[in-house]
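FYI, in this note's numbering the residues of the sequence shown are 6 to 796.
A quick write-up on the structure given underneath.
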Amino acid sequence: MTKIVLCSLTFLGGSYGTTFAKNLNSTDDEVVHNDSVIVVGTKNITRKSEKAISPVDIITAKQIAETGSNTLPDILARVIPSFSYPQAAVASGFETVRPVTMHGLSPDQILVLIDGKRQHVGAMINSGSAIGRGSNPVDLNAIPISSIDRIEVLHDGSSSRYGSDAIGGVVNIVLKKENTQNSITADAGGYTQGDGLHRQIAGSYGLSFLKHGWVRFSGEFKKNDYTNDSGINHLASTIGTPIYGKRIYRLGDPAVMSGKFVVNYQYTFSKHISAYGFTMYRHDDANSSMVYVNPSSSSNVPSIYPNGYLPLIKPVIQDLSTVFGFKGEIYDKWNYDLSINHGFNSYHANYDQINSAYYNDYRYTPTNINGATYKYTQDVFNFDVSKTFKIPFLRNPFRFSAGMEYMWSRDTISPGDIYSQYGSGGSITGDSYGSWGRRSLAEYAKLDTNFTDKLSNSFSVRHEKYSGLGNNVSGSVSLRYELTPHIAFRTTLATAFRAPSLAQEHYASISTMHIDADTVTQTGTFPVTSQVAKLLGASPLKAETSKSITAGAIVHPLKNWSITVDGYYIRINNRINLSSDLNVSGNMAREYLQSQGVATSYDRVRYYTNAVDTLTSGVDLTTNYRININKNSNILLNLAYSYNKNHVIDVHDSPSILKTLGVAGTLVERREHYGLLEDTNPKNKILMSANYKINKKISTLLKINRYGSYRVFSNSGSQYDQTFGARWTVDLSFTYNLPKWNFVIGSNNIFGTRPEPNKYANSLSGNYKYNIYSPLTWNGRYVYASVSYIL
6 MTKIVLCSLT FLGGSYGTTF AKNLNSTDDE VVHNDSVIVV GTKNITRKSE KAISPVDIIT
66 AKQIAETGSN TLPDILARVI PSFSYPQAAV ASGFETVRPV TMHGLSPDQI LVLIDGKRQH
126 VGAMINSGSA IGRGSNPVDL NAIPISSIDR IEVLHDGSSS RYGSDAIGGV VNIVLKKENT
186 QNSITADAGG YTQGDGLHRQ IAGSYGLSFL KHGWVRFSGE FKKNDYTNDS GINHLASTIG
246 TPIYGKRIYR LGDPAVMSGK FVVNYQYTFS KHISAYGFTM YRHDDANSSM VYVNPSSSSN
306 VPSIYPNGYL PLIKPVIQDL STVFGFKGEI YDKWNYDLSI NHGFNSYHAN YDQINSAYYN
366 DYRYTPTNIN GATYKYTQDV FNFDVSKTFK IPFLRNPFRF SAGMEYMWSR DTISPGDIYS
426 QYGSGGSITG DSYGSWGRRS LAEYAKLDTN FTDKLSNSFS VRHEKYSGLG NNVSGSVSLR
486 YELTPHIAFR TTLATAFRAP SLAQEHYASI STMHIDADTV TQTGTFPVTS QVAKLLGASP
546 LKAETSKSIT AGAIVHPLKN WSITVDGYYI RINNRINLSS DLNVSGNMAR EYLQSQGVAT
606 SYDRVRYYTN AVDTLTSGVD LTTNYRININ KNSNILLNLA YSYNKNHVID VHDSPSILKT
666 LGVAGTLVER REHYGLLEDT NPKNKILMSA NYKINKKIST LLKINRYGSY RVFSNSGSQY
726 DQTFGARWTV DLSFTYNLPK WNFVIGSNNI FGTRPEPNKY ANSLSGNYKY NIYSPLTWNG
786 RYVYASVSYI L
C-alpha cells in the first residue's frame, strides 16, 4: 500500500479528461440542491471539479450528445476509460439489461444516485456466463438520456456516505432543472453490415408556475433492431441436416422498443421550505435469442421443428423511481432535507419456446410460454441536516452534516404458467418462488473544512444495520493539499461494504447451457436457503467488505493545460459470486439428493457463495490542452488512460460434502478464478480526442480509442484458453449549429474494426464467431445522424 501511495504521488495529476471539460460554476446553494456536492465530496466550498477533494469526472450533456449513443452504459464506457461495456449474448436474457463495469470490478459494486438519491437495483440476475456473472446491478438503461444535465462519477469507495454498494465508486445522474434549454431531437443510425437500425425521438421541456415553482418534462421513445454476428454452424450432430453449414444462431444486440418519461419539479414557499421531487418511468419490450435447440436434442419435438429451432426470450421490463421531499433552512441557519424515495424494477420473461417434457407426457406443447416475473421494490426515507460553523481558532469555517436513512426492500419471484415450470425445461421449480423482505437503518455524519488555505479535508462515518446481516461501520478520511496554485495532491482512505442483494439470496432458475459443442445440459441456480443448496454445502451469505486508498495529484503546467492522475488500491473480502456448476448427475450425488426428497430433473447446480478475496489496483491518468485560435475558434485535445489489475488473493475451502459425493472441481470455477475475476477484464484502455470548434456554427470531433488485450480461461482446460489482442477504433462526427437548429452526422468505429475471433475450438463448432467478453462491440461500423430543434 505504501508503494502504491508513493508511486501515485510522483505522477502529475488525477481524474479524467471529462473532469476539465466544464467548470462547476454553481453557487453553494445550487450544488446542494443538485446533490452533485455529495459526489464531489464537499458541502462548504464552491469548487470546480478539479478542486474536488476526491477524483471526480463530470460528463456534460454536450459530451453525452457527442458520443452518438442512446444508451447510458455505452456513454459511460465511451467517455471514461475505467468503464467497460462488454458485449453480451445468450446471457439468459441479461443482454437486455447489459451493465457496465468500473475498474474491472463487478457491476453491482457501483452505487447509482439520481439527484443524490439512491437508485434501486434491477430485478434480473446475471445467471449466464457474461462479465459480471452473478451480479445484480442497477439497470442504467432505465434513465432517459434526454433528462440528464450531467453525470458525476466519484472514483472512491464511498459507503461511509451512501451505504451499501459503493465499493468501487458512485455514479450520480443530475437531472435537468428549470433553466436548462428546451429542445426536441430526432436521431437515427445503424450498422453498415445491414442490421441494428436505431430510431429515437426525445425531448425536454421546462416551465415556471406561480412565480416560485418550476416543472420539467423529459421523455424519449426508441426502437432498436437486433444485430447478428453469429458464425456458420458445423456442429457434428447436425451433419446431414439442412442446418449444417448455415447460420442458425442470432448473436449480438437484442431488439428493443422502449419508452421513458421523467417529470421533475420544485416549488419554493420561502427560504425555510421548498418542495421538490421527480418521477421516472420506463417500459421496454425486448427480443433476444437463446441456445439453438438441435434436431436431435431431447429438448426438441421433431414433429414440430424437424430442423431444430432457435428459442427467443421476449422480456417486458418496467422501472419506476419517484422521489418527494422538502428542504430549506430552519433555526440558526441549519439546512435540512427530508425525502421519501420509492422505486421498483420488474422483469417478466416470455418465451418463443416449446416444452418437450410436457409434450412427451401430454402430446401437446404451446410455442409461446409465459415465464416467471422478477420484481424488486425499494422504499427509502432520508433526513439530513447540515450547518456551517465558525470557530475562533480555525481560520476557515467547517461544515457539519449528519442524517439517518431507513430502507425497506422486497424481492418477489412469481411463477409463470404451467409450461414454464414443467419438467427439466422449467424456468422455476419447487419452492423457488415467493417474496422476501429486508430492512436497514443507518446513521451517518460528515465533517468538511479547510484547515488552512492550502489543506482541506473531509471525514465521514456511517453505521448501518441490516436485518439478517448485522451491523457495519464504514469510515473515510480525505485530504487535499495545494502545494502551489498549479500543483495539488489528494488522498482518501476508506472502508466500504456491499450487502448481498435480495435477488442473490433468493433468485432461482433452470436454464439450458452448453457443456461442449454438441452437449447441452439443464443447470439450476438455487438460493442458499433452498434444500438442494444446503445439502450441497451452501451457507448464508455475508456482506462484502473492503479497504481502499486513492492517492493522486492535479497539475496545471500552463493556463490551458491540465494533467491529473490518481492511483487506487481496493482490497475486497468475501466477494459474492456464483459457484461453479456442480455436476450432480453422478449416481452418488443423485441418490443422495433423492434420498433427501430433492427431485433432480437438472444435471448441474450452482448457488451463491462468499468464496473469494480479491485485490484491485491501478491508475487513472488524463491530460487536457486547449489551443485558442481566435475568439470563435479553438481545439481541445484530450488523452485519458486507465490501467487496472485484479487478483484473487484467496479462495475459501469448498464444502467437504462435495468431495464426499464425488462432485469434481472446486467451488470457484477456473473460468471465474483466473478470468472473470482477474484477466478477462482488459487491464488498460486509452481514449484520445480532438474537438475542433471551427467557428460559431461548425465543429468536428475526432476520437481514437484503444481497448486493451484480455485473456479468457476455459473450464475444460488450459488448451482452450485464449488471449485476445488489443483493438483500435476511430470515431468522427460533425456538428452544424443554427440559432434554433442543431445538426450532427457521425460514425463510431469508422474503419469497422471487429474483435479478434474465437479460435475454432471455442466457437461452438463455428457458431460463436466472437467472444462474449469483448469490450469492443461485435457490430462494426455505426453511422448516425441527428437533428435538434430549440424550443
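Backbone N, C-alpha and C define an ideal beta-carbon position, used for all residues, glycine too.
Being a predicted model, the structure only gives us computed values, none of them experimental.
DSSP-derived helix/strand/coil call for residue i
i      : result
ILE80  : helix
PHE99  : helix
HIS38  : Annotation note: pLDDT 30 at HIS38 (below 50); position unreliable, no value reported.
THR489 : strand
HIS678 : helix
ILE423 : helix
THR246 : coil
GLU183 : coil
PRO762 : coil
ASN238 : coil
HIS511 : helix
PRO562 : strand
ASN593 : According to the sequence provided, residue 593 is Met. The question's Asn does not apply to it. In the structure shown, MET593 sits in a helix (DSSP, three-state: H, G or I).
THR534 : coil
ILE699 : coil
ILE359 : coil
LEU14  : Per-residue confidence for LEU14 stands at a pLDDT of 33, beneath the threshold of 50, marking its modelled position as unreliable; no derived number is given.
GLY208 : strand
SER4   : The first residue shown for the chain is 6 and the last is 796, placing residue 4 beyond what the model contains.
Supposed close pair residue i, residue j - CB separation, criterion 8 Å
i      : j      : result
LEU507 : ASP384 : About 13 Å; that fails the 8 Å criterion.
LEU666 : MET593 : 5 Å
ASN637 : ALA616 : That pair is no contact at about 60 Å.
SER719 : TYR725 : 3 Å
SER590 : ILE575 : SER590 to ILE575, Cβ: 39 Å. No contact.
Option nearest residue i by Cα separation, candidates the options
i      : options                        : result
GLU157 : GLY168, ARG166, ILE172, VAL176 : VAL176
LYS216 : PRO300, THR273, GLY529         : THR273
VAL143 : SER463, ILE119, THR621, VAL478 : ILE119
GLU677 : LEU399, TYR787, TYR379, ASP586 : ASP586
ASP342 : TYR471, SER437, PHE329, TYR352 : PHE329
HIS347 : TYR286, PRO112, SER188, ARG786 : TYR286
ASN75  : GLY442, GLY195, PRO86          : GLY195
ASP618 : ILE632, ILE634, ASP608, ASN578 : ASN578
TYR90  : TYR794, VAL792, ILE777, SER791 : ILE777
ASN365 : MET412, THR372, GLY428, PHE386 : GLY428
THR106 : ALA94, ALA499, ALA82           : ALA82
ILE750 : TYR787, SER721, TRP733         : TYR787
ALA501 : ALA94, ASP170, LYS702          : ASP170
ARG759 : TRP783, ASN742, SER132, ARG166 : TRP783
ILE136 : VAL117, TYR367, SER111         : SER111
GLN271 : ASN184, ILE309, ASN238         : ASN184
ASN462 : GLY480, ASN477, VAL478, LEU484 : LEU484
SER659 : VAL735, ALA695, GLU674, PRO490 : GLU674
Spatial neighbours of residue i in its chain, beta-carbon cut-off 8 Å, leaving aside the 5 residues before and after
i      : result
PRO247 : ASN312
ILE795 : GLN186, ASN187, SER188, PRO744, LYS745, TRP746, ASN747
Cut-off 6 Å between Cβ atoms - residues of its own chain near residue i, not counting five sequence neighbours on either side
i      : result
ILE50  : Any reading at ILE50 needs caution, since the residue's pLDDT is 36, under 50, leaving its predicted position unreliable; the model's value is listed next. Same-chain partners within the cutoff: there are none.
GLY168 : ALA447, GLU469
THR327 : THR284, HIS347
GLU410 : ASN387, ALA447
ARG221 : LYS181, GLY211, ASN269
GLY421 : ASN375, GLY376, ALA377
VAL37  : Unreliable placement is indicated for VAL37, whose pLDDT of 29 sits below 50; the coordinate value is still reported in the next sentence. Same-chain partners within the cutoff: there are none.
LEU626 : VAL570, TYR646
ARG444 : TRP413, SER472
ILE322 : ASP289, TYR352
PHE266 : GLY224, TYR286
THR555 : ASP161, THR497, ASP571, TYR573
Chain-order list of residues whose beta-carbon lies under 7 Å from that of residue i (same chain, five-residue window excluded)
i      : result
THR457 : ARG400
LEU474 : ALA504, ALA548
ASN30  : Legend: pLDDT at ASN30 = 28, less than 50; position of this residue unreliable, value from coordinates given subsequently. Counting only Cβ-Cβ distances below 7 Å, and skipping sequence neighbours, we find nothing.
Minimum Cβ-Cβ distance from residue i to chain D less than 8 Å
i      : result
LEU707 : Considering every chain present, this structure includes no chain D. It has just one protein chain.
Next on the checklist: Using a Cβ distance threshold of 8 Å, determine whether the stretch 393–409 contacts the stretch 450–468, with at least three qualifying pairs required.
Outcome noted: Judged by pairs of C-beta atoms under 8 Å, the stretch 393–409 touches the stretch 450–468, as three or more such pairs exist.
Checklist entry - Should the stretch 123–132 be regarded as contacting the stretch 681–695, the criterion being three or more beta carbon pairs within less than 8 Å? => result Verdict: no, contact absent.
Checklist entry - So does the stretch 69–83 actually touch the stretch 494–505, counting three or more Cβ pairs closer than 8 Å? => result Output reads no: the stretch 494–505 does not touch the stretch 69–83.
Item to check | Three CB pairs or more closer than 8 Å across the stretch 251–262 and the stretch 291–298 | outcome: Taking a cut-off of 8 Å for Cβ pairs, the stretch 251–262 and the stretch 291–298 touch, as three or more such pairs fall below it.
Next on the checklist: Under 8 Å: do the stretch 306–325 and the stretch 350–367 share three or more Cβ pairs, one atom per stretch?
Outcome noted: Yes, the stretch 306–325 is in contact with the stretch 350–367.
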